[in-house]
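So the structure is just underneath, and the comments pick up after that.
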Amino acid sequence: VGIGSQVRQGAATRDAKGEAVMGIAMLLKGENSRIVTQRVREELAEIQTSLPPGIVIKPFYDRTTLIGNTIATASRNLIEGGALVIAVLFLFLLQVRAGLIVSSAIPLSMLVAIIAMKYSGVSANLMSLGAIDFGLVVDGAVIIVENTVRTLASARHQQGRPLTEAERLAVTRQAASEVLKPALFGMGIIIAAYIPILTLSGIEGKMFRPMALTVTFALLGALVLSVTLIPALAALFLRDPAKERENKFVTFLTARYRPMLLGAMRRRRLTAGLALGFVVLCALLFPLLGSEFLPQLGEGALAVNHVRAKSVSLTESVRQALTIESILKRIPEVDTTVSRIGRPEIATDPMGPDMADTYAILKPVSDWRSGVTLDALMTEVGESLEQIPGVASSISQPIQFRMMELIEGVGVRSDVGIK
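Sequential numbering of the sequence shown, starting at 48, is according to my numbering.
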């Protein structure tokens, strides 16, 4: 009996230069990957100081890059969306005070949504925050404030003098009451449209329920604000000598809309028939739309899975992996390649030497060739690997690849699987 070693069932290579040692940080269920990755990075820096000269730890795939890009996209969408809605509000209301009152519904509704998300366990991510439409959020506030401005101007005109505080409060209350029911009804319909999404289960439920909950929280917050804070702010700040001014842009639109409206009302049957025909046309087109409605997320890396004959040796798998990496390195968009062949001594995946994953880390999209898309790049990679005999490859992205495994089960590594 003596000290020996196990038979190698796996290996790792990098950038077609030869074998390397690969380590993967396993994230515990329920942990925040961004925070854990940051802590792993700090630990690796500490471990590096204790390694012998010439041995370097070089991370090749860091998920925080994708997370950072996602957060930046969600933040930019929220900021740009809010700014656009506020600009349109000022354009149509043509009053600084009225515009500010309506715009206040946006941050306050988001505050309500974030508090509700915190207590409901819904995280802030691209799916939950990316679907918020600030135009829907301010819908009720716009109706109430616009009618208040119109009613106050009409009352001043009738009285021929500035309104007293009691008269102004009474007119404001009346103006809010006039449109309260249609405003609430309209927002209620919008909220009801998200209820079916809350009934989704499985992977679809995990992906889309947070979005529906977040939008519902924001709309409910806006609903409460529309019947409480917005009328109160209108009563406080829409004072004399502020008065309704003619909005030339609205007048321009009205002059062109009125003839269309009157024409549609005169030809009621024709208008209804055209609308019905449009609905029928959409119904006929519906079967041709396909069933994929979630856009593909660009992860900044490709995951290429290779399957060889079961009888292949580890030495031959390493040789083929180096060949595959050299082919991938010729593609201008590929920055780094790393291959994981088989399984390590402490196996976390039932892979033998006949199976391998090659990670192709891509350069920033700004450095890609003109006109090259992610789909085109995957096609190019697939065509490049066809020249290697005895190897079947499937191309995906790292997170997407693992998600497909979880959904379809071990052994199925593509969008379509036949057992």
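No residue lacks a Cβ here, since even glycine has one placed at the ideal position from N, Cα and C.
Roughly how many angstroms separate the alpha carbons of glutamate 427 and methionine 450, rounded to a whole number?
Rounded to whole angstroms, glutamate 427 to methionine 450 spans 23 angstroms at the Cα level.
How would you label tyrosine 406, buried or exposed, when you count the other beta carbons within 10 angstroms and need 16 or more for buried?
Buried is the call here.
Can you list, in chain order, the residues of its chain whose CB lies under 6 angstroms from that of histidine 353, leaving out five sequence neighbours each side?
Contacts found: Ala403, Val438, Ser440.
Please go through the stretch 152 to 197 and give each complete alpha helix (DSSP H) segment of 4 or more residues, from N-terminal end onward.
Whole alpha helix (DSSP H) segments, 4+ residues: 152 to 167, 173 to 177, 181 to 184.
Return helix, strand or coil for glycine 57, following the three-state DSSP convention.
It is a strand residue.
Would you give the residue range spanned by the beta strand (DSSP E) that serine 386 belongs to?
Element bounds for serine 386: 381 to 389.
If alanine 59 sits next to valine 385, beta carbons under 8 angstroms apart, how far is it from one beta carbon to the other, in whole angstroms?
That pair is a contact at about 7 angstroms.
Contact between the stretch 262 to 280 and the stretch 177 to 196 is defined here as three or more beta-carbon pairs at a separation below 8 angstroms; is this criterion met?
Yes: the two stretches touch, three or more of their Cβ pairs being nearer than 8 angstroms.
In whole angstroms, what is the alpha-carbon distance linking alanine 356 and proline 400?
Taking the straight line joining both Cα atoms gives about 9 angstroms.
So, using beta-carbon positions, are glycine 57 and proline 391 closer together than 9 angstroms?
Contact: yes.
When you compare each of Leu424, Met398, Pro397 to lysine 410 by their alpha carbons, which one comes out closest?
Measuring from the Cα of lysine 410, the nearest candidate turns out to be Leu424.
Kindly confirm or deny that the stretch 189 to 207 and the stretch 296 to 308 touch, where touching means at least three C-beta pairs closer than 8 angstroms.
Short answer: they don't touch.
May I ask you to report which of helix, strand or coil DSSP gives methionine 73?
Note: methionine 73 maps to coil in three-state DSSP.
Please state the DSSP three-state secondary structure of leucine 349.
Three-state DSSP puts leucine 349 in a strand.
Mind checking threonine 198: buried by the 16 CB within 10 Å criterion, or exposed?
Answer is buried; the Cβ neighbour count reaches 16.
Buried or exposed for phenylalanine 299, please, with buried defined as at least 16 other CB atoms from any protein chain shown within 10 angstroms of its CB.
Counting Cβ neighbours within 10 Å, phenylalanine 299 comes out exposed, since fewer than 16 surround it.
May I ask you to report which of helix, strand or coil DSSP gives methionine 451?
Helix.
Suppose you measure from the CA of glycine 233 to the CA of leucine 136; what does that come to, to the nearest Å?
Straight-line Cα distance between these residues: approximately 19 angstroms.
Determine the direct distance from the alpha carbon of valine 184 to that of arginine 55, and round the result to whole angstroms.
In a straight line, the C-alpha of arginine 55 is about 60 angstroms away from that of valine 184.
Checking the sheet assignment: what are the DSSP bridge partners for glutamate 90?
Looking at the DSSP assignment, glutamate 90 forms no beta bridge with any residue, so it has no partner.
Leaving aside the five residues before and after lysine 64 along the sequence, list all residues of the same chain whose C-beta is less than 7 angstroms from its C-beta, in chain order.
For lysine 64, where only same-chain residues beyond five positions count, there are no Cβ hits under 7 angstroms.
Could you give the DSSP three-state label for valine 48: helix, strand or coil?
Reduced to three states, the DSSP call for valine 48 is coil.
Just checking my contact of methionine 258 with methionine 174 at CB under 8 angstroms: how many whole Å lie between their CB atoms?
Yes, they are in contact, since the Cβ atoms of methionine 258 and methionine 174 sit about 5 angstroms apart, within 8 angstroms.
Are isoleucine 374 and glutamine 434 touching if we call contact CB-CB under 9 angstroms?
Yes, they are a contact pair.
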